[in-house]
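Below is one structure, written out as structure tokens; the observations come after it.
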Amino acid sequence: MGRSEKRVIESNLRVLLMHLLKYQYQPERRSNSWLSTIIEHRIRINKDLKASPSLKGYFEQIFDETYQDARILASVETGLSLDVFSLTCPLTSEQVLDRDFLPES
């Protein structure tokens with residue numbers, strides 16, 4: 004697996020996690036745009052993992068660290084304190100990739 008494939012997975016995961024956090028912590032601001040972004044990045048990641056199954060291990064390896072980045076970005080985008088967001092990801096990797104899953108507020 005190439006370095007660029009890894010960067011793409013990490014970037015898509017960061018965006019996906021950030022939007023899932025925004026969706027969970029700001030239910031009053033939920034929009035079709037947020038939902039579209041969640042769906043789009045799930046599709047991208049799932050297609051990449053299907054095309055290169057060896058990326059699944061990398062995905063699991065970077066999951067927690069990428070969550071920390073997404074947590075910071077979600078704090079900045081929402082204006083909510085970083086402390087509002089859980090230190091550990093409140094979602095499993097399976098939930099994050101599940102096309103039918105949306106977090107509750």
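Residue numbers 4 to 108, in our numbering, belong to the letters of the sequence shown in order. For each residue, glycine too, the CB sits at the ideal point set by N, CA and C. Predicted model, so just to flag it, every value in this text is computed and none were measured.
Start-to-end residues for the alpha helix (DSSP H) that takes in residue i
i	result
R10	6-28
Candidates the options: closest to residue i by CA position
i	options	result
T95	V87, L85, P106, D86	P106
V11	T40, M21, L52	L52
E8	E31, K50, S84	K50
G5	A54, R102, E43, W37	A54
Residues near residue i in its chain [Cβ-Cβ closer than 6 Å; skip 5 each side]
i	result
F104	Q98
8 Å Cβ shell around residue i - same chain, five flanking residues per side excluded
i	result
Q27	P93, P106, E107, S108
### Query
Which ranges would you report for the beta strand (DSSP E) in the region 55-106 if only whole runs of at least 3 residues count?
none
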